[in-house]
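Residue numbers (the working numbering): 793 to 1026.
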């Protein structure tokens, strides 16, 4: 039997399960994230220029209660702003879709009071440029379930304690892109105003653990976010 060509061997090795946990796979996921954002922006621009009369649009603002799973600090103790714009379209009598373009600050916060008046704290701030894609279902009572996903690009990340900002060399590098799922409910208050509450969670780690150790599906830290947003229709 003739020997398998070297190229085929390489392809077969690249398709093994071990490759899924390799650096190449992580780079592939980041490539998808970056292209998702670029294509979404292009899609949003083309639609708004060519068939804008078929779409609704407006502004949004809100607040996010956030934590980072895997950082050893539990609780939605970090608050962050949400501001942006949106464009949407009715797909049928009950279904509608929406794309948002927004800034959101995620992260975590922990504060401890030790012996006497000594107080220690830790704060992580993650500033994202984010594009959620949302599908909604209209109910007669005005409360509409939502489902979707979002791609985000990390603009800036900082970590600090009571002694000040941590040096860059002491910070485990965050990944530039995040891909998250979302689930929530929206209430239509009037023709122009709507409010929604959603829960979002990262599909992939935003950064690995400090020791780069993984345990089964726990391979790093994940954004865990509750969002309360007001949406205005022009």
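Where is the CB? At the ideal position from N, CA and C, for every residue including glycine.
query, result
"Segment contact flag, the segment 945-958 with the segment 909-918, C-beta cutoff 8 angstroms, min 3 pairs", "yes"
"Assumed close pair residue 979, residue 993 - CB separation to whole angstroms, cut-off 8 angstroms", "Between residue 993 and residue 979 the Cβ distance is about 22 angstroms, and since that is not below 8 angstroms, they are no contact."
"Residue 932 (DSSP reduced to helix, strand or coil)", "coil"
"Residue 961, DSSP secondary structure in three states", "helix"
"Residues that residue 1015 bridges to, as DSSP identifies them", "860"
"Bridge-paired residues (DSSP) for residue 871", "857"
"Within 8 angstroms, strictly: CB atoms of residue 934 and residue 971", "no"
"C-alpha gap between residue 1021 and residue 895, whole angstroms", "12 angstroms"
"Local Cβ density within 10 Å of residue 870, reported as buried at 16 or more and exposed below that", "buried"
"Local conformation of residue 917 per DSSP, three classes", "strand"
"C-beta contact flag for residue 850 and residue 878 at 8 angstroms", "yes"
"Inter-residue spacing [alpha-carbon to alpha-carbon] between residue 1019 and residue 863", "20 angstroms"
"Separation of residue 945 from residue 880, as counted between CA atoms", "22 angstroms"
"Coil, strand or helix - residue 894 by DSSP", "strand"
"DSSP beta-bridge partners of residue 980", "986"
"Cut-off 7 angstroms between Cβ atoms - residues of its own chain near residue 984, not counting five sequence neighbours on either side", "1024, 1025"
"Three-state secondary structure assigned by DSSP to residue 846", "helix"
"Reduced DSSP category for residue 1033 - H, G, I as helix; E, B as strand; rest coil", "There is simply no residue 1033 to check, as the chain begins at 793 and stops at 1026 in what is shown."
"Distance, residue 991 Cα to residue 1017 Cα", "6 angstroms"
"Which of helix, strand or coil DSSP assigns to residue 1000", "coil"
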